Ligand SMILES: [Cu+2]
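In the numbering used here, the protein residues as written are -13 to 151.
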């Protein structure tokens, strides 16, 4: 995962360094080459950050902490990204929902989300899904991923807990 805070502090340090260099009027060609490379790199990371900015996935139903009965209808909404069926392929800013029940998010976000009882794909492009849950407390997470089932990074996710009576 790209650490934007780290990049920003590196950026600050480098520009301070350049400022010092500028004062010394010793900025040689190697420095300016490094500067161009780093500038391009920073520009790229900024575009990436802006692409992620404002995107979100929300679980609209059930409300967090709700007492529900099984099957539970889970609905999601998106902001800044669009839902489309998985068969449409990998398109930036688009993808489909996944419901992850009672387990953590995948550790490696560069890999496709697994398919098992705890990881439900909504590759048809739907935004609601009925899931069967046993009586008791459950953690429901949502994770938005591209057509190849690889999640966005930073992850577009939301979490609620429900109590099945
Ligand atoms: Cu999927």
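Ideal Cβ placement from N, Cα and C applies to all residues, glycine included.
Nothing here was measured: the structure is a model prediction, and the numbers come from that model.
What's the gap between the Cα of residue i and the Cα of residue j?
| i | j | result |
| --- | --- | --- |
| residue 118 | residue 91 | 20 angstroms |
| residue 142 | residue 131 | 8 angstroms |
| residue 113 | residue 59 | 10 angstroms |
| residue 151 | residue 104 | 20 angstroms |
| residue 54 | residue 61 | 14 angstroms |
What whole-angstrom Cβ distance do residue i and residue j have, given they're in contact under 8 angstroms?
| i | j | result |
| --- | --- | --- |
| residue 149 | residue 123 | 5 angstroms |
| residue 88 | residue 146 | Not confirmed; about 12 angstroms, so no contact. |
| residue 134 | residue 98 | 6 angstroms |
Under 8 angstroms, do residue i and residue j count as touching if we go by C-beta distance?
| i | j | result |
| --- | --- | --- |
| residue 84 | residue 69 | no |
| residue 78 | residue 40 | no |
| residue 96 | residue 136 | yes |
| residue 144 | residue 67 | no |
Original post:
Any contact of the stretch 63 to 80 with the stretch 108 to 125, i.e. 3+ C-beta pairs under 8 angstroms?
Top reply: yes
Original post:
Could you name the residues, in chain order, whose CB is less than 6 angstroms away from a heavy atom belonging to ligand 1?
Top reply: Any heavy atom of ligand 1 within less than 6 angstroms of a residue's beta carbon puts that residue on the list, which reads 72, 82, 84, 99, 107, 109, 131, 135.
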